[in-house]
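Here's the structure, in structure tokens; my notes come after.
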Amino acid sequence: MTTHSAARRVAAQNRLRLIAKGLDGEQHTTQLDEGITQQPLSALVGEAGITGEATFYLKAGRKIARIEA
Numbered sequence: 072m073t074t075h076s077a078a079r080r081v082a083a084q085n086r087l088r089l090i091a092k093g094l095d096g097e098q099h100t101t102q103l104d105e106g107i108t109q110q111p112l113s114a115l116v117g118e119a120g121i122t123g124e125a126t127f128y129l130k131a132g133r134k135i136a137r138i139e140a
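As numbered in the numbering used here, the sequence shown has no gaps in its residue numbers, which increase by one up to the final residue, 140.
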């Protein structure tokens, strides 16, 4: 995704997700809506509600990117 409008479009199609994978292998997925695209990624990671160490990914459609948090 290169633009903010592209992020909103993907979110409107219910194809934008924040994925948190804990050290124990447990995975937690949060579907993101259009309104949340106005927030910085650091706020999204904080709202994920994951306790302890985790690796975060942002998934847009079929593409996935690791977030360095």
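A virtual CB, placed ideally from N, CA and C, is assigned to each residue, including glycine.
- Message: Can you give me the C-alpha to C-alpha distance between residue 135 and residue 87, rounded to a whole angstrom?
- Response: Numbered from 1 along the sequence shown, position 64 holds the residue referred to as residue 135. Numbered from 1 along the sequence shown, position 16 holds the residue referred to as residue 87. Distance between the alpha carbons of residue 135 and residue 87: 10 Å.
- Query: With a CB to CB cut of under 6 Å and the five nearest residues on each side skipped, what residues in its chain are close to residue 72?
  - Reply: Start at 1 with the first residue of the sequence shown, and residue 72 comes out as number 1. Any reading at residue 72 must be qualified, since the residue scores a pLDDT of 49, below 50, and its modelled position is unreliable; no value is offered.
- Message: One question on the structure: do residue 93 and residue 123 come within less than 8 Å of each other, judged by their Cβ atoms?
- Response: To locate residue 93, count along the sequence shown from 1; it is residue 22. To locate residue 123, count along the sequence shown from 1; it is residue 52. Yes, the Cβ-Cβ distance between residue 93 and residue 123 is below 8 Å.
- Enumerate in chain order the residues of its own chain whose CB-to-CB distance from residue 137 is below 6 Å, with the five nearest sequence positions on each side excluded. On the sequence shown, position 66 is the one that residue 137 refers to. For residue 137, where only same-chain residues beyond five positions count, the Cβ hits under 6 Å are 128.
- Smallest Cα separation from residue 74: which of 108, 115 and 119? Stepping through the sequence shown from its first residue, residue 74 is reached at position 3. Taking only the C-alpha atoms, the option nearest residue 74 is 108.
- If residue 186 and residue 119 are in contact, beta carbons under 8 Å, what's the gap, nearest whole angstrom? Beyond the ends of the chain as shown, which are 72 and 140, falls residue 186; an answer cannot be given.
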